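Numbering follows our numbering, in which position 343 of the sequence shown is assigned residue number 338; successive positions increment by one, without gaps.
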Amino acid sequence: MFSFGAIGPSDASSTLANPTPAPSPTAQLPELDLRIPTSAQEVSDTTRQAASWFDTHWQGWLTGGLRIVFIIALALVLRAVVRKLITQLVARMARTHESQEESRFGGLLANTGVVNTERRQQRSEAIGSVLRSVASFTILGTAALMVLGALGVNLAPLLASAGVAGVAIGFGARNLVTDFLSGVFMIMEDQYGVGDEIDTGVASGTVLEVGLRVTKLRGSNGEIWYIRNGEVKRIANMSQGWATASVDVQVGYKEDLTRVEDLILATAEVMAKEAPYDELIWAPVSILGVESVAPESVVLRVEARTAPGKAASVSRALRQRLKAAFDEAGIKVKEEAPAVGATNLVIAPSPVPIAEQGAPSALADPGSPRYRATEPIPAAKAPEDAKP
């Protein structure tokens, strides 16, 4: 317990002459008296001691509390402002081409003729979601560290441990970071989206899901491909913008090409006015010209601009319409060869070129030794005394 009394002049002078040394950091703290006060004097002394300790430390508590409240309030306000700015930026990016002429960010997602309004909206929302998440994590994480510092927590060991752990994770998860960054840029650049037909080099199919790390595809045989975004080096998107339907039309060599071209254009024009091809064909069918010439036929190249992913169906339908039109107009696709009768068939000997003829043989000379060596051996004559 504490005892209080007056200090005389002699005691004060001795105290000033011999000041009490400050306790060293290594000195042991005095043991706390945890006894329950049993007398009124002990209760009074304990209350007076607690009041003096509170009077000494309340200013530090108030300052620390105000600092923590200020840090949290500033972090929340800054987070709200940043998210509002990101939302406005996304709204500008998602505007149509007609309304974004004065916008500084209007051309970032424009891609006129390639990306429609709905797709631009989805793309901007995905980018805004990523930016808002990154901003919230950065601001709130920094505020949490500042609050710990205001509470008196030593942040040096914490930051050092976090730095070492970050380096270790960076080396071990570098592929994960690469996949994440590639996914972010794929979304920002709108390389492909859900429902697109793409070819990544290692797999091709319909996009089922686009993630920040993995892209999911449905193959032509029904299989599902999981492709890491960091492993994709090139992408062919067959569903963006428009597609081209190419048809090679073969006609006989003697057919009038002007008449054939007029018939092709008329057939394609009728087809483009019928459902559902009135929505699939986006531009008039054009004839590029003669693609190849053969002794029996001529090939014309016909092209049409169609909706994305509909080039194959339009090409098949156009071939069917042209076949029926050619049959009705009597246009042949190949010249028939003249028939040759069996009695008039004459097979002329094919002369051997002089260059392929061999050198004259020595056996062709009857007087040469080699020629005489090939003569048959005459039969042996019977002896005369053996005759009867």
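For every residue, glycine included, the Cβ atom is placed at its ideal position computed from N, Cα and C. These numbers were taken from a predicted model, which means no experiment stands behind them.
Residue interval of the alpha helix (DSSP H) (run including residue i)
i    : result
I182 : 169 to 184
V272 : What sits at residue 272 in the sequence shown is Tyr, not Val. Segment 272 to 275, the alpha helix (DSSP H) holding Y272.
A263 : 252 to 267
First and last residue of the uninterrupted beta strand (DSSP E) at residue i
i    : result
R300 : 292 to 301
I326 : I326 -> no beta strand (DSSP E), and no H or E assigned at all.
R213 : 209 to 213
D243 : 238 to 247
G304 : Run containing G304: none; DSSP gives neither H nor E here.
Y221 : 219 to 223
E204 : 199 to 205
E192 : 192 to 194
Assigned secondary structure, residue i (DSSP; H/G/I helix, E/B strand, else coil)
i     : result
W56   : helix
I372  : coil
E286  : strand
G362  : coil
N149  : coil
A22   : Low confidence applies here, because A22 scores a pLDDT of 43, under 50, leaving its location unreliable; read the following figure in that light. Three-state DSSP puts A22 in coil, outside helix and strand.
A278  : coil
S310  : helix
A231  : strand
G161  : helix
F(-1) : For F(-1), the pLDDT reaches just 40, beneath the cut-off of 50, and the residue's location in the model is therefore unreliable, although a value from the coordinates is still provided. Here F(-1) sits in coil by DSSP.
G144  : helix
V64   : helix
G129  : Here the sequence assigns Val to residue 129, which means Gly is not the residue at that position. Three-state DSSP puts V129 in a helix.
G123  : helix
G136  : helix
V76   : helix
V189  : coil
F100  : Per-residue confidence for F100 stands at a pLDDT of 45, beneath the threshold of 50, marking its modelled position as unreliable; no derived number is given.
Length of the line joining the Cα atoms of residue i and residue j
i    : j    : result
K305 : I66  : 57 Å
D191 : A238 : 13 Å
G165 : T173 : 10 Å
L176 : R300 : 35 Å
G200 : V77  : 39 Å
A86  : R254 : 54 Å
T51  : A145 : 19 Å
P271 : Q235 : 20 Å
S128 : L283 : 52 Å
M183 : I81  : 14 Å
V227 : L207 : 13 Å
V205 : I276 : 29 Å
G325 : L258 : 11 Å
E96  : Q83  : Confidence is the limiting factor: at E96 the pLDDT is only 45, short of 50, which leaves the residue's position unreliable, though a coordinate-based value still follows. Distance between the alpha carbons of E96 and Q83: 16 Å.
V148 : G217 : 57 Å
A302 : L252 : 29 Å
S39  : S47  : 12 Å
S215 : T137 : 48 Å
G225 : V197 : 13 Å
F180 : T195 : 16 Å
S292 : A267 : 27 Å
G188 : R213 : 13 Å
M233 : I193 : 6 Å
V242 : S131 : 54 Å
L57  : T42  : 22 Å
S124 : R62  : 31 Å
A278 : E286 : 21 Å
E37  : Q44  : 10 Å
L295 : E269 : 24 Å
G60  : L154 : 23 Å
E331 : D322 : 16 Å
A387 : D185 : With the chain covering -4 to 383 only, the question about residue 387 has no answer from this structure.
D273 : A320 : 20 Å
K79  : G178 : 24 Å
A139 : A307 : 58 Å
L126 : R74  : 12 Å
CB-CB length for residue i against residue j, believed under 8 Å
i    : j    : result
T210 : I219 : Going by Cβ atoms, the distance from T210 to I219 rounds to 11 Å, so no, they are not a contact pair.
V328 : V246 : 6 Å
M447 : S119 : No statement about residue 447 is possible, as the shown extent of the chain runs from -4 to 383 and does not include it.
V309 : A240 : 4 Å
A70  : I122 : So it is not a contact: roughly 24 Å between Cβ atoms.
Within-9 Å CB hit, residue i to chain B
i    : result
F180 : Of the chains in the structure shown, none is chain B; there is only one protein chain.
Examine the Cβ distances between the segment 305 to 317 and the segment 245 to 265 and report whether three or more of them are shorter than 8 Å.
yes
I'd like to know if the segment 152 to 162 and the segment 193 to 212 are in contact, where contact means that at least 3 CB-CB pairs between them fall below 8 Å.
no
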